[in-house]
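Residue numbers (this note's numbering), protein chains in the order written: chain A, 1 to 337; chain B, 1001 to 1337.
Scroll down for the structure; my scribbles are underneath it.
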């Protein structure tokens, strides 16, 4: 399979372990700061925050900030605050996203809105966003504030864009890429650029990490889209079909729709627009995607973005941190093949 | 009536006109900036933003920022951006508030959530908040960012506090004051403090405007609470009863509940906790408030905060702008008596 060949060619470890190891002590401080900044006399706030923190994800974004700061030899403390701010921005987005998408589950746990309601999810999201900005202000870096406040706007714009394009099967691939650039890649990019910013590096280093982040973000989201239909795996994982049941128009759907017959397209309209999304329909959808190479080609796109991300870091000195950041690219893509 | 006497004693104009006149040319620039910063290629964003802008309120908060900057002779441009940022923060809060309260009407117009849905309201609120921070960053003032990002957290905290205390008739007056301090007074305070901050004034001037803002905010909110039950007027305005029908626990309700008989308290529980809020019940509620002096005393509290706001500015030189800010206090309180 093309994808696997491409990865073998790189001969990389496809592991997130080096990043985890290199950022372990910094991440311990980030996790402490997360709990402390999610504190409030208003009981509901730490309650929800703690739930989100323990439900936890990989914390990929804050690790990007930490590694990108250390790779330039940064020895101060501000990267801890910026890293935590990035994670809070991400968590706030998830809280609001779940309200907007009316999601019931995330990462195998019930969403906050199911437990505490939409109201608390909106407000606690606002609180976390406010805390994120306070931490950025604390660092005194106007450049960091500039990049992260811009990302905050772009993310919201991307969400509105996605809302406006919801269930529209005529969305072009370019339009879809614009959505994931804003929704996902913008924060990856900002997270990575925090490193050279706080380390006081120049425009070239900032551009390199920014480009690494944005392209990694594209790759990450496209792989996620493919994973939701089982990726290329023969046996499907547990969370397969969430996007399908929510009627989300992602790249695998768009490709299968565009490449399909009139009969196929009628099926997609029923599934996405009218919510005809039984398990049987999901099986049929995956079959159509395989027939039209929709999953393989979504992954191809991801691999291609990953290569751009790799080249973005090429001019920088080879350090352990740079190596770990490169491994993340392969790790993201390897999840799916 | 005590309230009217108190105002006559001051012999003030009780008009917002001086503030409107003094900030007119600056406000024209703020209104231009509002429209430009609410722009986006994502059509839904300027659409909703324009609706909110034309529905408009008094724009009291941005005028506070402008007047407080000019009263210290500020001659730059940054107050325009900070003033717009304050208004965007306020608008974002209203958008999210309406979602949280499930409100259908605001200022006599349908709320954005009724027209465009909760989803768009959450996301466009996020966008406006992001734009607010970008404008603050543009001014390069870390002090302004510090105050406004803290206000942003405090406001969200206040909203969560209010949510947690919703429909709880055992809320104490202190607890209620803590809610409105966070929900309303914090932004008034931050808006006013932007003036001395951007004009480069010292701690004393900042403290004076901060104190003016917070106490004006208390007065403003308490008057608003009283107005929702017709204030002291014999003939009731059009929007009377909104808080009652939404089961909001405000100070007039708390006072009438605490001072009432067991029979009265049973009535309040039915009205607030069980939503028994017919027009007849509203009439009865207003009758109970009058009997127990709940409206008069809510206004008394407001007048008292207004006097603290007035004294906060006392040490500062008498200028036209200071006079206009003092008139606003009387204007806020005069609305109700």
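Even for Gly, the Cβ is constructed at its ideal location relative to N, Cα and C.
- Scanning its chain for C-beta atoms nearer than 7 angstroms, with the 5 sequence neighbours on each side dropped, one finds around residue 1210/B the residues 1189, 1192, 1193, in chain order.
- DSSP places residue 277/A outside any alpha helix (DSSP H), giving it a letter other than H or E.
- Between residue 76/A and chain B, the shortest Cβ-Cβ separation is not below 8 angstroms.
- Of all residues in the region 132 to 149 of chain A, those with a C-beta nearer than 7 angstroms to a C-beta of chain B are 133, 134, 137, 140, 142, 145, 146, 149, reading in chain order.
- Residue 172/A is classed as exposed because its beta carbon has fewer than 16 other beta carbons within 10 Å across all chains shown.
- The beta-carbon separation of residue 113/A and residue 94/A, rounded to 10 angstroms, does not stay under the 8 angstroms limit for a contact.
- For residue 1161/B, the chain A residues whose C-beta falls within less than 7 angstroms of its own C-beta are 42, listed in chain order.
- When DSSP assignments are scanned along the region 132 to 219 of chain A, the uninterrupted stretches of alpha helix (DSSP H) that are 4 or more residues long and fall wholly within it turn out to be 142 to 164, 173 to 180, 186 to 198.
- The region 122 to 138 of chain A and the region 41 to 53 of chain A touch, with three or more beta-carbon pairs separated by less than 8 angstroms.
- By the Cβ-count criterion, residue 1197/B is buried, with 16 or more other Cβ atoms from all chains shown falling within 10 Å of its own Cβ.
- Cβ neighbours of residue 1257/B within its own chain (closer than 7 angstroms, five residues either side excluded): 1169, 1265, 1268.
- Residue pairing of residue 109/A in beta bridges, as defined by DSSP: 106/A.
- Rounded to the nearest angstrom, the Cβ distance from residue 132/A to residue 89/A is 5 angstroms, consistent with a contact under 8 angstroms.
- Using beta-carbon distances, residue 87/A does not count as an interface residue toward chain B, since no partner is under 8 angstroms.
- Judged by DSSP secondary structure, residue 23/A falls within the alpha helix (DSSP H) whose first and last residues are 17 to 37.
- Residue 182/A is a Cβ neighbour of residue 158/A, given a cutoff of 8 angstroms.
- Residue 1082/B places its beta carbon 8 angstroms or farther from that of residue 1324/B.
- Around the beta-carbon of residue 1315/B, fewer than 16 other beta-carbon atoms lie within 10 Å, marking it exposed.
- If you ignore the 5 residues before and after residue 1247/B, its C-beta comes within less than 8 angstroms of the C-beta of 1166, 1167, 1271, 1272, 1273, 1275, 1277, all in its own chain and listed in chain order.
- Judged by beta-carbon spacing, residue 123/A lies within the 8 angstroms limit of residue 1156/B, meaning their Cβ atoms are closer than that value.
- Residue contact with chain A for residue 1127/B: present (Cβ-Cβ distance below 8 angstroms to some residue of chain A).
- Cβ contact annotation for residue 37/A (same chain, cutoff 6 angstroms, sequence separation greater than five): 131, in chain order.
- Within the region 1091 to 1120 of chain B, 1096, 1099, 1100, 1119, 1120 place their CB atoms closer than 7 angstroms to a CB of chain A, listed in sequence order.
- When DSSP states are grouped into helix, strand and coil, residue 316/A belongs to the coil group.
- The beta-carbon separation of residue 137/A and residue 145/A, rounded to 7 angstroms, stays under the 8 angstroms limit for a contact.
- Boundaries of the alpha helix (DSSP H) around residue 1088/B: 1078 to 1101.
- Shortest Cα-Cα distance from residue 163/A to any of 148/A, 151/A, 179/A involves 179/A.
- Residue nearest to residue 1116/B within the set 1048/B, 1203/B, 1058/B is 1048/B (criterion: CA-CA distance).
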